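Beneath this line is the structure, given in structure tokens, with notes to follow.
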Ligand SMILES: Nc1ncnc2c1ncn2[C@@H]1O[C@H](COP(=O)(O)OP(=O)(O)O)[C@@H](O)[C@H]1O
Ligand SMILES: [Mg+2]
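Residue numbers (this note's numbering): 47 to 441.
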């Protein structure tokens with residue numbers, strides 16, 4: 047049996063494959079921090095294509111004079127049970143930045159400790175912080191629930207660290223993963239503008255926004271569209287699935303226990319579309335004492351799709367009844383305009399609007415030329431398969 051962990055494993059180097067071009071590209075954008083030039087980056091790509099893994103690998107391979115912070119907004123959304131707030135995202139950013147400072151910048155031990163205390167006060171909603179009044183000359187939040195001061199502190203903190211380090215620290219790289227969940231805030235625009243307005247003045251802070259979304263989604267537009275917060279100034283690129291050649295080499299080099307003949311290998315690529323998440327979970331259920339030909343691959347794939355698609359099943363079970371019905375209606379009709387959705391579901395206009403927005407923010411559906419469509423290839427493949435087998439969609 048083969049075992050490949052399906053989350054992003056701790057031992058990244060052991061499991062990470064290739065993406066060398068992407069890493070060179072990302073590193074060169076970050077390298078400019080050494081010359082006090084900061085780039086802002088937007089990385090899109092569908093769920094399971096390998097964005098988080100790539101960025102964790104990137105973070106691991108940066109030199110010691112670049113500090114990093116990684117925050118997954120979908121995780122905060124889940125922990126807050128769907129009530130995402132600006133304040134909580136700021137808290138997490140501060141926490142992650144400070145962790146990096148604590149681990150890699152011993153010269154800032156005192157600052158680290160003060161901010162650590164500040165964080166625990168903020169967590170208890172106690173903004174009456176009696177220490178000196180400022181840390182690194184950034185005013186610290188004092189009034190209860192003073193979100194504005196908190197955000198100012200968090201936004202200024204990374205650049206101040208660089209400025210006060212006597213050249214020891216050259217930059218801060220901050221990753222906001224699954225950023226499209228920011229769309230769930232009351233005012234996503236102003237939250238994104240906050241990043242824009244600070245990053246404009248900061249020469250040593252690189253933000254990497256990334257999310258499971260198409261390159262043309264509403265949130266991408268709000269972030270980097272012509273009228274979006276960054277107005278096209280971000281370096282934007284999409285992460286593609288493995289090519290057929292990448293996939294073949296990956297299997298040969300890393301998972302050589304599983305044997306294919308030529309047509310079997312081709313078929314394997316067709317089934318997985320080159321998505322590393324699917325490749326790995328498919329391999330996990332394959333045997334090492336068979337030579338996989340075309341038919342055997344197809345048989346195994348459909349027999350065990352529930353195991354292969356486990357990540358997508360978890361996603362499915364986290365959705366509300368309304369969200370699910372919208373998705374299955376869209377799958378049944380391939381794509382629909384807003385009016386069509388109203389006709390084909392039993393929901394009010396308000397309910398449809400609310401849930402469409404949610405599903406877009408979760409990176410599951412997209413809107414192109416006023417047609418709504420399920421964006422997530424794997425989710426729709428699994429749902430169609432279940433309907434084929436059971437005659438109804440999974441509840
Ligand atoms: N470069 C890679 N090499 C090996 N496996 C990968 C690679 N990228 C992604 N994977 C696999 O795919 C899974 C999904 O990747 P992840 O980075 O979480 O996708 P995304 O963030 O785009 O949704 C990972 O848990 C890992 O198993
Ligand atoms: Mg991810």
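Where is the CB? At the ideal position from N, CA and C, for every residue including glycine.
Given the structure is predicted, the values throughout are model-derived calculations rather than measurements.
Throw me the rounded Cβ distance for the residue i and residue j pair, which I believe falls under 8 angstroms.
i	j	result
residue 242	residue 276	5 angstroms
residue 85	residue 252	6 angstroms
residue 50	residue 329	6 angstroms
residue 369	residue 425	Not a contact, Cβ separation roughly 12 angstroms.
residue 280	residue 88	4 angstroms
residue 429	residue 418	Actually they are not in contact, since the Cβ atoms of residue 429 and residue 418 sit about 16 angstroms apart, beyond 8 angstroms.
residue 101	residue 65	Wrong, their Cβ atoms sit about 10 angstroms apart, outside the cutoff.
residue 375	residue 387	7 angstroms
residue 258	residue 412	Not really, about 11 angstroms apart at Cβ, beyond 8 angstroms.
residue 337	residue 306	7 angstroms
residue 285	residue 97	5 angstroms
Report the three-state DSSP secondary structure of residue i (helix, strand or coil).
i	result
residue 77	helix
residue 355	coil
residue 178	Unreliable placement is indicated for residue 178, whose pLDDT of 47 sits below 50; the coordinate value is still reported in the next sentence. DSSP places residue 178 in coil when its eight states are reduced to three.
residue 413	strand
residue 350	coil
residue 306	strand
residue 145	helix
residue 232	coil
residue 52	coil
residue 189	Note that residue 189 has pLDDT 46, beneath the 50 cutoff, so the model's placement of it is unreliable and the number below is only indicative. Three-state DSSP puts residue 189 in coil, outside helix and strand.
residue 396	helix
residue 70	helix
residue 441	coil
residue 155	helix
residue 323	helix
residue 403	helix
residue 360	helix
residue 208	helix
residue 215	coil
residue 267	helix
residue 226	helix
residue 84	coil
residue 241	helix
residue 170	coil
residue 248	coil
residue 408	coil
residue 318	helix
residue 199	helix
residue 272	coil
Which first and last residues belong to the alpha helix (DSSP H) in which residue i is found?
i	result
residue 62	Run containing residue 62: none; DSSP gives neither H nor E here.
residue 336	No alpha helix (DSSP H) contains residue 336, which DSSP labels as neither H nor E.
residue 379	367-379
residue 100	97-106
residue 431	423-436
residue 129	It is not in any alpha helix (DSSP H) - residue 129 carries neither H nor E in the DSSP assignment.
residue 295	290-300
Going by DSSP, name the residue or residues bridged to residue i.
i	result
residue 475	As displayed, the chain neither begins before 47 nor continues past 441, which places residue 475 out of reach and without an answer.
residue 89	256, 283
residue 220	115, 253
residue 382	418
In the DSSP assignment, find the beta strand (DSSP E) that holds residue i and state where it starts and stops.
i	result
residue 114	112-118
Is there contact here, the segment 144-157 with the segment 241-260, by at least three beta-carbon pairs under 8 angstroms? no
Would you be able to state if there are at least three C-beta pairs under 8 angstroms between the segment 57-73 and the segment 98-111? yes
Should the segment 327-339 be regarded as contacting the segment 360-376, the criterion being three or more beta carbon pairs within less than 8 angstroms? In short, these stretches do not touch, since the Cβ pair count stays below three.
Could you say if the segment 262-276 and the segment 310-324 meet the contact criterion of at least three C-beta pairs nearer than 8 angstroms? No, the segment 262-276 is not in contact with the segment 310-324.
Whether or not the segment 347-363 and the segment 316-330 are in contact is what I'm after, with contact meaning three or more pairs of Cβ atoms, one per stretch, closer than 8 angstroms; do they touch? Taking 8 angstroms as the limit for Cβ pairs, the verdict is that the segment 347-363 does touch the segment 316-330.
Between the segment 119-128 and the segment 90-103, do three or more beta carbon pairs fall short of 8 angstroms? Because the criterion of three Cβ pairs below 8 angstroms is not met, the segment 119-128 and the segment 90-103 do not touch.
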